[in-house]
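In our numbering, the protein residues as written are 3 to 105.
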């Protein structure tokens, strides 16, 4: 499946199939969350949260691709990601785009 962050695919005529999305709410365990809190005292990257969000984006992307494949799509264009804090130590990540079929 071709995934693009543009509105078109050069040289292809596209039939839009509709919006596809994937979402996940991800959290870290208490130990890593506690260590992340300690990191805020000294500054720098909070690696545990970076890893958590990277994993969440991968899961959301896979769910979006699975939804597009079920529609018979050849590609997903205009892909976007969003995230929001759901609660302390947990974040929702959504991936969405337009499923298209080549004509």
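Backbone N, C-alpha and C fix where the C-beta goes; we use that ideal spot for every residue, glycine too. Note that the structure is predicted; figures quoted are calculated from it, not measured.
Note on geometry: alpha-carbon atoms of residue 86 and residue 25 lie some 11 Å from one another. Rounded to whole angstroms, the Cβ separation of residue 103 and residue 68 is 16 Å, and the two are not in contact under 8 Å. Following the DSSP letters along the chain, one finds residue 28 inside the beta strand (DSSP E) bounded by residues 16-29. When the alpha-carbon of residue 94 is set against those of 18, 60, 4, the nearest one is in 60. Residue 20 is positioned such that its CB atom lies closer than 8 Å to that of residue 73. Note that the C-beta distance between residue 5 and residue 81 is below 8 Å. Annotation: the continuous alpha helix (DSSP H) that includes residue 61 extends over 49-72. Annotation for residue 89: the continuous beta strand (DSSP E) segment containing it runs 77-89.
Here residue 101 is not near residue 49, since their CB atoms are 8 Å or more apart.
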